[in-house]
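Student: Below are the structure tokens for one structure; questions will follow.
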Amino acid sequence: MSDLDRLSECDSLISTILLDIVWNFNVVKSSNCDLNTNNIKDLVIESLSKYNYNPNKLVDALLSLDFIKKHLRRKQLSYKSLFRDHLHVYSLLFHPSTPFEIRYNRRLSEFTKKSEYSLVATKNIPKDTLISNCLATLIKISHDQDKVLRDSNNDWSILTSLTTGTRIFLGPARFANHDCDNNVQLERTQNHVYFRTNQWIKSGQEVLLNYGNHYFGENNENCFCLTCETNNNGAFKNLDYNTQDNQLRTRFNSYIRSNTTSSTNYSSASSSLTPLSSLSDLNEILCSNDKCKNDKLENNDECHTCLIHRRIYQNSWPSRNRLKNSSYQHEYMSEDSTSESSSAPSSPASSMYSDTNE
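Anchor point for the sequence shown: position 155 equals 155 in full-length UniProt numbering, and the numbering is continuous, going up by one each time.
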């Protein structure tokens with residue numbers, strides 16, 4: 001099994017456990033996942049609730065679950081090491097200081113007719129802030145592997161460098177969508193990529209990367225991002241206002257057909273398209289259900305996301321600070337909340353982010 005195959009299998013399994021099972025997502029997988037997911041949701045959520053503040057303890061708790069131990073039982077040490085490191089990368093998503101969430105992107109999904117996801121800030125994030133809780137694992141790939149991935153048109157996250165060669169990254173950072181006016185830039189260590197903000201990001205705004213000046217055709221002539229829409233650039237150039245929606249969908253469908261070998265290919269989790277302004281407002285990515293915003297514990301009228309959030313953090317969404325009557329409050333206050341793996345950048349202090357809009 002190659003390094004790429006190992007990482008793909010690890011990412012598919014971990015994203016199934018911590019994204020699909022916990023949040024009822026259906027994210028794109030880089031390889032098939034044959035995990036039996038029956039009756040494991042409560043076990044995973046219990047571990048997240050107890051140890052979300054301590055990624056190392058959370059990883060240990062998840063690794064102790066029988067279905068994961070069974071999966072790893074006959075794996076080589078190199079696979080087990082990679083699995084643990086990549087599990088740590090995903091565990092940072094649940095740390096109380098993490099200022100963003102992976103959310104189902106309703107607006108984008110309405111446009112593409114597929115399940116789309118995005119990174120959305122849940123706190124204000126100042127400019128020039130290192131978002132080290134948003135990581136992805138890097139693996140170097142060969143020229144032949146690169147060609148196979150590009151021919152598959154499954155929109156893999158690939159980095160090409162004259163000095164370090166071609167590498168693929170998998171993990172939460174892959175969910176950052178493109179915008180020509182990006183608010184984060186990609187930085188990397190030897191084994192991971194992460195983000196640094198180049199603009200102030202307000203709570204509720206999407207975390208956006210720039211994939212490159214020619215990623216969507218020459219000078220990004222096929223780009224559907226919100227900045228291109230606002231400035232009448234990219235796919236929005238020379239549109240007839242009266243037939244704008246039909247023209248845009250025609251251009252989108254033509255672009256997809258010309259860049260996809262099969263109509264059965266999955267849509268990328270980090271799709272190139274930012275939704276049209278004629279669709280719902282970006283704030284709908286966040287919860288607008290008034291019945292979710294109360295101080296009671298689980299409420300039958302809560303949406304699924306808020307209900308699961310309350311089970312994990314013992315508090316109303318989006319707050320991750322436990323209420324004083326939380327059953328885990330004493331343990332939460334007594335543990336080191338910034339303990340991290342040495343293989344990843346240190347997590348930023350929660351005080352770097354603001355819970356209020358400015």
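Quick reminder that beta carbons are idealized off the backbone N, C-alpha and C, glycines included.
Closest to SER31 by CA distance: which of ILE45, SER8, ILE17 is it?
Tutor: Taking the first residue of the sequence shown as position 1, residue 31 is located at position 31. Nearest C-alpha to SER31: SER8.
Student: So, for ARG73: in the same chain, excluding its five sequence neighbours on each side, which residues have a beta-carbon less than 8 angstroms away from its beta-carbon?
Tutor: If you number the sequence shown from 1, residue 73 lands on position 73. Excluding sequence neighbours, ARG73 sits near nothing in its chain.
Student: Please classify HIS95: does DSSP put it in a helix, a strand, or coil?
Tutor: Taking the first residue of the sequence shown as position 1, residue 95 is located at position 95. Here HIS95 sits in coil by DSSP.
Student: Bridge partners of LYS140, per DSSP?
Tutor: Along the sequence shown, one-based indexing puts residue 140 at 140. Partner(s): ARG167.
Student: Within 10 angstroms of the Cβ of HIS143, are there 16 or more other Cβ atoms? Answer buried if so, exposed if not.
Tutor: Here residue 143 corresponds to residue number 143 of the sequence shown, with the count starting at 1. Exposed.
Student: Going by alpha carbons, who is nearest to ASP5 out of VAL148, LEU43, LYS127?
Tutor: As a first step, residue 5 is located in the sequence shown; it is residue number 5 there, counting from the start. The shortest C-alpha separation from ASP5 is found at VAL148.
Student: Can you list, in chain order, the residues of its chain with a C-beta nearer than 8 angstroms to that of SER12? Leave out the 5 residues immediately preceding and following it.
Tutor: Taking the sequence shown and counting its residues from 1, one reaches residue 12 at position 12. Taken in chain order, the residues that qualify are LYS29, SER30, SER31, ASN32, CYS33.
Student: Verify whether the separation of the beta carbon atoms of VAL22 and ILE201 is less than 8 angstroms.
Tutor: In the sequence shown, counting from the first residue as 1, residue 22 sits at position 22. In the sequence shown, counting from the first residue as 1, residue 201 sits at position 201. Against a cut-off of 8 angstroms, the Cβ pair of ILE201 and VAL22 comes out as no contact.
Student: Please name the residue, chosen from ASN24, LEU43, THR16, ASN52, that lies closest to ASN321 on a Cα-to-Cα basis.
Tutor: Within the sequence shown, numbered from 1, the residue matching residue 321 stands at position 321. Here the closest residue by C-alpha is ASN52.
Student: So ILE14 is in the alpha helix (DSSP H); what residue range does that whole segment cover?
Tutor: Here the question's residue 14 lines up with position 14 in the sequence shown. Run containing ILE14: 3-15, per the alpha helix (DSSP H) assignment.
Student: Just the C-alpha distance for HIS95 and ASN232, rounded to the nearest angstrom, thanks.
Tutor: The sequence position of residue 95 within the sequence shown is 95, counting from 1. The sequence position of residue 232 within the sequence shown is 232, counting from 1. Rounded to whole angstroms, HIS95 to ASN232 spans 39 angstroms at the Cα level.
Student: Can you name the residues that DSSP bridges to THR197?
Tutor: Residue 197 sits at position 197 when you count from the first residue of the sequence shown. Looking at the DSSP assignment, THR197 forms a beta bridge with VAL184.
Student: Where in the segment 112-136 do unbroken runs of the beta strand (DSSP E), each at least 3 residues long, occur, reported from the N-terminal end onward?
Tutor: If we require 3 residues or more, the beta strand (DSSP E) runs fully inside the segment 112-136 come out as 117-121.
Student: So, for LEU58: in the same chain, excluding its five sequence neighbours on each side, which residues have a beta-carbon less than 6 angstroms away from its beta-carbon?
Tutor: Locating residue 58 in the sequence shown gives position 58, where the first residue counts as 1. The answer, listed in chain order, is TYR51, SER91.
Student: Report all residues from its chain with a CB closer than 8 angstroms to the CB of LEU35; omit the five preceding and five following residues, and keep chain order.
Tutor: Residue mapping note: residue 35 aligns to position 35 of the sequence shown, counting from 1. Same-chain partners within the cutoff: LEU13, THR16, ILE17, PHE67, HIS71.
Student: Taking 8 angstroms as the limit between beta carbons, can you name the residues of its chain near residue 359, skipping five residues before and five after?
Tutor: Only positions 1 to 358 of the chain appear in this structure, which leaves residue 359 out of reach.
Student: I need the DSSP call for ARG311, collapsed to helix, strand or coil.
Tutor: Numbered from 1 along the sequence shown, position 311 holds the residue referred to as residue 311. Reduced to three states, the DSSP call for ARG311 is helix.
Student: Just verifying my parser: in three-state terms, what is the DSSP assignment at ASP336?
Tutor: Position 336 of the sequence shown, counted from the first residue, corresponds to residue 336. Confidence at ASP336 is low in this model, with a pLDDT of 43, below 50, so its placement is unreliable and the value that follows should be read with caution. DSSP places ASP336 in coil when its eight states are reduced to three.
Student: Rounded to a whole number of angstroms, what is the C-alpha to C-alpha distance between GLY234 and ASP179?
Tutor: Position 234 of the sequence shown holds residue 234. Position 179 of the sequence shown holds residue 179. Those two C-alpha atoms are separated by around 11 angstroms.
Student: With distances taken from CA atoms, which of LEU186, ASP60, PHE195 is nearest ILE125?
Tutor: As a first step, residue 125 is located in the sequence shown; it is residue number 125 there, counting from the start. For the residues LEU186, ASP60, PHE195, the minimum Cα distance to ILE125 belongs to PHE195.
Student: With a threshold of 6 angstroms on Cβ separation, who are the neighbours of ASN182 within its own chain once the five nearest residues in sequence on each side are excluded?
Tutor: Indexing the sequence shown from 1 puts residue 182 at position 182. Closer than 6 angstroms at Cβ, skipping near neighbours: LEU208, LEU209, ASN210.
Student: Pick helix, strand or coil for ASN177, following the three-state DSSP scheme.
Tutor: Position 177 of the sequence shown, counted from the first residue, corresponds to residue 177. ASN177 falls in the strand class under three-state DSSP.
Student: Using beta-carbon positions only, say whether THR197 and LYS127 come within less than 8 angstroms of one another.
Tutor: Start at 1 with the first residue of the sequence shown, and residue 197 comes out as number 197. Start at 1 with the first residue of the sequence shown, and residue 127 comes out as number 127. A contact, by the Cβ cut-off of 8 angstroms.
Student: Measure from the alpha carbon of PHE83 to the alpha carbon of each residue in ASP60, CYS10, ASN133, ASN38, then state which is nearest.
Tutor: Translated into positions along the sequence shown, residue 83 becomes position 83. Out of ASP60, CYS10, ASN133, ASN38, CYS10 has the C-alpha closest to the C-alpha of PHE83.
Student: Should HIS214 go down as buried or exposed, given a rule of 16 or more other Cβ atoms within 10 Å for buried?
Tutor: Residue 214 sits at position 214 when you count from the first residue of the sequence shown. Exposed, because fewer than 16 other Cβ atoms sit within 10 Å of the Cβ of HIS214.
Student: Spatial neighbours of residue 393 within its chain, please: C-beta separation below 7 angstroms, excluding the five flanking residues on both sides.
Tutor: Since the first residue shown for the chain is 1 and the last is 358, residue 393 is missing from the structure and cannot be characterised.
Student: Just curious, the alpha helix (DSSP H) that GLU46 is in, first and last residue?
Tutor: Locating residue 46 in the sequence shown gives position 46, where the first residue counts as 1. Taken as a continuous stretch (DSSP letters only), the alpha helix (DSSP H) holding GLU46 covers 41-51.
Student: Please say whether ILE141 and ARG167 have beta carbons closer to each other than 8 angstroms?
Tutor: In the sequence shown, the residue the question calls residue 167 occupies position 167. In the sequence shown, the residue the question calls residue 141 occupies position 141. In contact: ARG167 and ILE141 (Cβ atoms closer than 8 angstroms).
Student: Would you kindly report the start and end of the unbroken alpha helix (DSSP H) that includes GLU229?
Tutor: Here the question's residue 229 lines up with position 229 in the sequence shown. Here the alpha helix (DSSP H) through GLU229 covers 226-230.
Student: Looking only at C-alpha atoms, which of SER97, GLN76, SER49, LEU19 sits nearest to SER118?
Tutor: By one-based count along the sequence shown, residue 118 stands at place 118. It is LEU19.
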